[in-house]
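Visitor:
Residue numbers (the working numbering), protein chains in the order written: chain A, 1 to 324; chain B, 325 to 649.
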């Protein structure tokens with residue numbers, strides 16, 4: 001167990017280093033932040049001063065080494081745009097994205113699992129076919145379009161829910177959260193549904209496929225032959241087996257919800273990390289981009305690790321310490 | 325003595341509906357088993373013997389369904405009773421042991437969980453009592469240190485041990501009838517022998533009736549009182565094991581017996597029945613065995629009825645008789 005943790009951390013380290021190099025080269029290829037940062041009316045002396053201030057007068061490899069040096073001291077660099085530490089900027093936005101992602105995932109699980117289970121158990125019913133056709137829509141409709149439609153219907157036409165922003169927040173554990181206030185919750189609902197739609201379809205289809213794979217197994221038949229009630233056969237024998245692939249996907253999708261909720265955050269003007277990273281890319285704010293991507297690599301490593309732990313709980317066959 | 329289980333003209337179809345017949349995997353099969361007796365249900369792969377077993381349990385996979393006939397268990401027709409009534413019988417009065425012990429037990433649940441739930445499905449007892457019962461059941465089938473083994477998972481057992489667990493589960497409620505669907509086919513020969521002996525001992529002790537589904541005539545001769553031979557979904561010969569195996573009347577039964585390797589002399593090529601079991605959607609007209617039989621005549625183009633002779637029956641108009649065999 002310990003060796004596998006260490007091995008993972010080392011792998012993560014390599015990924016992070018590789019990624020910082022790619023970002024450094026990538027951003028410098030896209031354009032020069034100087035053109036965006038500096039007032040076009042500025043004179044030559046002022047330009048040179050600003051460029052030197054950000055260290056952009058150095059060759060790229062030297063900038064990179066300076067960045068690594070700072071990193072070893074826990075300094076991710078200051079944002080070109082805000083002039084504040086990049087990491088701090090990201091951490092400020094983290095709670096907003098986190099609560100959005102968790103709510104969306106919660107919605108996806110609460111709807112996806114039971115619907116998928118139903119469609120898997122009764123594949124020939126009309127309702128199951130409707131569910132499965134619906135999931136195709138959930139898969140294929142572009143998120144931005146669904147987001148706009150949600151705003152059109154629920155905000156503009158019906159006027160039930162607000163169109164954008166987080167609404168009032170309340171403090172918990174030193175961070176600001178929307179879900180703690182009624183108004184904030186109303187703000188959270190539409191973007192969370194927008195994000196959840198694709199994930200719901202995914203979990204639904206996966207659950208259904210799992211049910212259809214597990215149901216014909218001998219051990220399900222044997223469970224019935226023991227005279228177990230159908231409810232127990234499904235809830236214990238079938239569900240526990242099909243949770244193994246579902247948990248993997250839920251874990252990875254949670255990561256992607258946090259990392260790539262850019263579109264939804266932009267449409268609903270949700271002040272989360274997704275919006276920050278998009279703004280940063282537009283402004284070529286390299287320190288923020290690098291810090292953000294490093295965070296995401298770490299996030300995926302941690303998530304994968306949690307998934308693996310869930311595996312060993314669900315599937316005794318891969319427990320390393322199991323007695324033979 | 326009235327039979328414990330009486331299967332009458334059972335028809336099991338896959339697909340189809342009440343208006344349109346589907347594929348008949350089991351066609352007009354009738355037999356009976358008495359308490360404490362063992363019936364060997366014999367046939368090649370695809371002959372419908374396993375489907376017969378699952379039909380009795382009403383555990384057919386969709387689109388399989390019982391399309392006709394009755395299954396009388398202890399006086400009541402269980403082919404048409406409610407699903408809940410059937411559930412109360414399963415595991416309690418009719419138990420089943422499956423062919424592949426590596427697939428029978430749920431891989432993600434402990435043996436204890438799977439046994440305790442089987443006890444509590446039929447009896448309102450505490451978990452502790454159920455666990456105690458499960459431990460005793462494991463000990464009875466010869467599993468060492470049963471207390472520890474209850475917390476183990478199926479993959480920590482060998483195939484033979486898993487089949488013992490399955491048998492222990494089947495015997496938990498001292499059922500009146502056990503349907504054993506080739507329970508030793510997937511095991512090593514030495515383990516096979518052990519399991520059969522254990523099984524025989526335990527079912528004799530509790531006077532349990534057994535339907536032993538197999539293609540292995542050696543097992544049948546050792547274990548069964550009666551034999552029923554199936555071919556392409558129909559019974560072709562039934563009767564007491566001693567009579568049928570020493571003096572088979574149907575050419576198919578005779579062929580099966582001749583194919584047992586120990587019947588051959590050393591150096592002689594192994595005997596076999598030529599051809600293959602026909603697919604149930606492409607059965608020949610008349611006698612299904614017609615295309616593989618040496619005794620075929622034009623009379624075989626009509627399906628022969630089961631001919632009765634004392635305590636046995638056979639479905640052939642050109643029976644093999646001992647003088648000519």
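Built from N, CA and C at the ideal position, the CB exists for glycine as well. Quick caveat: nothing in here was measured; it's all calculated off a predicted structure.
To which residues of the same chain is residue 168 of chain A closer than 7 Å at the C-beta, ignoring the five residues directly before and after it?
Guide: Here the question's residue 168 of chain A lines up with position 168 in the first chain. Result list for residue 168 of chain A: 181, 183 and 184, in chain order.
Visitor: If you draw a straight line from the C-alpha of residue 370 of chain B to the C-alpha of residue 524 of chain B, how long is it?
Guide: Stepping through the second chain from its first residue, residue 370 of chain B is reached at position 46. Stepping through the second chain from its first residue, residue 524 of chain B is reached at position 200. For residue 370 of chain B and residue 524 of chain B, the distance between alpha carbons rounds to 27 Å.
Visitor: Compute the Euclidean distance between the alpha carbons of residue 377 of chain B and residue 250 of chain A, then round it to the nearest angstrom.
Guide: Within the second chain, numbered from 1, the residue matching residue 377 of chain B stands at position 53. Within the first chain, numbered from 1, the residue matching residue 250 of chain A stands at position 250. Roughly 41 Å between the two C-alpha positions.
Visitor: How many whole angstroms separate the CB atoms of residue 258 of chain A and residue 97 of chain A, which I take to be in contact at a CB cut-off of 8 Å?
Guide: Position 258 of the first chain, counting from 1, holds the residue named residue 258 of chain A. Position 97 of the first chain, counting from 1, holds the residue named residue 97 of chain A. Rounded, the Cβ-Cβ distance is 6 Å, consistent with contact.
Visitor: Compare the beta carbon distance of residue 459 of chain B and residue 471 of chain B with 8 Å and say whether it is the shorter of the two.
Guide: The residue labelled residue 459 of chain B in the question sits at position 135 within the second chain. The residue labelled residue 471 of chain B in the question sits at position 147 within the second chain. Yes, these two residues count as a Cβ contact at 8 Å.
Visitor: Are residue 423 of chain B and residue 540 of chain B close, meaning C-beta to C-beta below 8 Å?
Guide: For the purposes of this step, residue 423 of chain B is taken as the residue at position 99 of the second chain. For the purposes of this step, residue 540 of chain B is taken as the residue at position 216 of the second chain. In this structure, residue 540 of chain B does not lie closer than 8 Å to residue 423 of chain B by Cβ.
Visitor: According to the Cβ coordinates, are residue 533 of chain B and residue 420 of chain B closer than 8 Å?
Guide: Along the second chain, read from residue 1 onward, the residue named residue 533 of chain B stands at position 209. Along the second chain, read from residue 1 onward, the residue named residue 420 of chain B stands at position 96. No, the pair does not count as a contact, with Cβ atoms beyond the cut-off.
Visitor: In the structure shown, what three-state DSSP assignment does residue 348 of chain B receive?
Guide: Along the second chain, read from residue 1 onward, the residue named residue 348 of chain B stands at position 24. Residue state, collapsed to three classes: strand.
Visitor: Among all the DSSP beta bridges, which residues are the ones paired with residue 356 of chain B?
Guide: Residue numbering aside, residue 356 of chain B sits at position 32 when the second chain is read from its first letter. Its beta-bridge partners are B/330.
Visitor: Taking the beta carbon of residue 323 of chain A as the centre, do at least 16 other beta carbons fall within 10 Å, making it buried, or is it exposed?
Guide: For the purposes of this step, residue 323 of chain A is taken as the residue at position 323 of the first chain. Only weak support exists for where residue 323 of chain A lies, its pLDDT of 41 falling under 50; the coordinates are left without a value.
Visitor: Could you say which of B/342, B/336 and B/362 lies nearest to residue 381 of chain B if we only look at CA atoms?
Guide: Numbered from its first residue, the second chain carries residue 381 of chain B at position 57. That would be B/336, whose Cα lies nearest to the Cα of residue 381 of chain B.
Visitor: Are any of the Cβ atoms in chain A nearer than 8 Å to that of residue 600 of chain B?
Guide: By one-based count along the second chain, residue 600 of chain B stands at place 276. Interface flag for residue 600 of chain B against chain A is unset, since no Cβ pair is found closer than 8 Å.
Visitor: Would you mind telling me which residues of chain B sit closer than 8 Å to residue 219 of chain A, beta carbon to beta carbon, in chain order?
Guide: Residue mapping note: residue 219 of chain A aligns to position 219 of the first chain, counting from 1. Simply 427, 428, 429, 430 and 431.
Visitor: Quick one: which residues of the segment 220-240 of chain A get their C-beta closer than 9 Å to a C-beta of chain B? List them in chain order.
Guide: 220, 221, 222, 223, 224, 225, 226, 227, 228, 229, 230, 232, 236, 237 and 240
Visitor: Roughly how many whole angstroms lie between the Cα atoms of residue 402 of chain B and residue 242 of chain A?
Guide: Stepping through the second chain from its first residue, residue 402 of chain B is reached at position 78. Stepping through the first chain from its first residue, residue 242 of chain A is reached at position 242. Answer to the nearest angstrom: the Cα atoms are 32 Å apart.
Visitor: Give the secondary structure of residue 139 of chain A by DSSP, where H, G and I count as helix, E and B as strand, and everything else as coil.
Guide: Taking the first residue of the first chain as position 1, residue 139 of chain A is located at position 139. Reduced to three states, the DSSP call for residue 139 of chain A is helix.
Visitor: For residue 438 of chain B, count the other beta carbons within 10 Å of its own beta carbon; 16 or more makes it buried, fewer makes it exposed. Which is it?
Guide: The count along the second chain starts at 1 and reaches residue 438 of chain B at position 114. Result: buried.
Visitor: Counting only beta-carbon atoms, is residue 493 of chain B nearer than 8 Å to chain A?
Guide: Numbered from 1 along the second chain, position 169 holds the residue referred to as residue 493 of chain B. Chain A, which has a Cβ nearer than 8 Å to the Cβ of residue 493 of chain B, makes this yes.
Visitor: Which residue or residues does DSSP assign as beta-bridge partners of residue 505 of chain B?
Guide: As a first step, residue 505 of chain B is located in the second chain; it is residue number 181 there, counting from the start. Answer is B/537, bridged to residue 505 of chain B.
Visitor: Measuring alpha carbon to alpha carbon, tell me which residue in B/434, B/342, B/387 and B/400 is nearest residue 331 of chain B.
Guide: Mapped onto the second chain, residue 331 of chain B falls at position 7. The candidate whose alpha carbon is nearest that of residue 331 of chain B is B/400.
Visitor: Can residue 95 of chain A and residue 175 of chain A be called in contact, C-beta distance under 8 Å?
Guide: On the first chain, residue 95 of chain A is found 95 positions in, with the first residue counted as 1. On the first chain, residue 175 of chain A is found 175 positions in, with the first residue counted as 1. Against a cut-off of 8 Å, the Cβ pair of residue 175 of chain A and residue 95 of chain A comes out as a contact.
Visitor: Start and end of the beta strand (DSSP E) containing residue 152 of chain A?
Guide: Numbered from its first residue, the first chain carries residue 152 of chain A at position 152. Residue 152 of chain A -> no beta strand (DSSP E), and no H or E assigned at all.
Visitor: Check whether the Cβ of residue 179 of chain A lies closer than 7 Å to any heavy atom of the ligand GTP, and answer yes or no.
Guide: Inclusion of the ligand GTP in the displayed structure is not the case, the ligand content being empty and no account of it being possible.
Visitor: Spatial neighbours of residue 649 of chain B within its chain, please: C-beta separation below 6 Å, excluding the five flanking residues on both sides.
Guide: Taking the second chain and counting its residues from 1, one reaches residue 649 of chain B at position 325. Only weak support exists for where residue 649 of chain B lies, its pLDDT of 43 falling under 50; the coordinates are left without a value.
Visitor: On the DSSP bridge assignment, give the partners of residue 241 of chain A in chain order.
Guide: Within the first chain, the letter at position 241 stands for residue 241 of chain A. Partner(s): none; residue 241 of chain A has no beta bridge.
Visitor: Could you check whether residue 135 of chain A and residue 91 of chain A sit closer than 8 Å to each other, using their CB atoms as the reference points?
Guide: Residue 91 of chain A sits at position 91 when you count from the first residue of the first chain. Residue 135 of chain A sits at position 135 when you count from the first residue of the first chain. Their beta carbons are not under 8 Å apart, which means residue 91 of chain A does not touch residue 135 of chain A by this criterion.
Visitor: Roughly how many whole angstroms lie between the Cα atoms of residue 69 of chain A and residue 311 of chain A?
Guide: The residue given as residue 69 of chain A occupies position 69 in the first chain. The residue given as residue 311 of chain A occupies position 311 in the first chain. Between residue 69 of chain A and residue 311 of chain A, the C-alpha separation is close to 38 Å.
Visitor: Anyone know if the C-beta pair for residue 100 of chain A and residue 191 of chain A falls short of 8 Å?
Guide: Translated into the one-based positions of the first chain, residue 100 of chain A becomes position 100. Translated into the one-based positions of the first chain, residue 191 of chain A becomes position 191. Yes. Within cutoff.
Visitor: Rounded to a whole number of angstroms, what is the C-alpha to C-alpha distance between residue 188 of chain A and residue 157 of chain A?
Guide: Locating residue 188 of chain A in the first chain gives position 188, counting from the first residue. Locating residue 157 of chain A in the first chain gives position 157, counting from the first residue. Near 18 Å, if we compare the C-alpha coordinates of residue 157 of chain A and residue 188 of chain A.
Visitor: Do you know whose CA, among A/199, A/45, A/146 and A/42, lies nearest residue 256 of chain A's CA?
Guide: On the first chain, position 256 is the one that residue 256 of chain A refers to. Looking at the Cα atoms, A/199 is the closest of the given residues.
Visitor: Would you kindly report the start and end of the unbroken alpha helix (DSSP H) that includes residue 44 of chain A?
Guide: As a working note, residue 44 of chain A is residue 44 in the first chain. Element bounds for residue 44 of chain A: 44-53.
Visitor: Which parts of the segment 367-444 of chain B are runs of the beta strand (DSSP E), unbroken and 3 residues or longer, counting only runs that do not cross its ends?
Guide: 388-397 and 418-421
Visitor: List, in chain order, every chain A residue whose beta-carbon is nearer than 8 Å to that of residue 464 of chain B.
Guide: The count along the second chain starts at 1 and reaches residue 464 of chain B at position 140. By Cβ distance, chain A contributes nothing, its closest Cβ being about 17 Å from residue 464 of chain B, past 8 Å.
Visitor: Got a sec: which bits of the segment 442-455 of chain B sit with their beta carbon under 8 Å from any beta carbon on chain A, in order along the chain?
Guide: 442, 445 and 446
Visitor: By Cβ distance, which residues of its chain are closer than 6 Å to residue 3 of chain A, with the 5 residues on each side in sequence left out?
Guide: Residue mapping note: residue 3 of chain A aligns to position 3 of the first chain, counting from 1. Within the same chain, residue 3 of chain A has no close Cβ partners at all.
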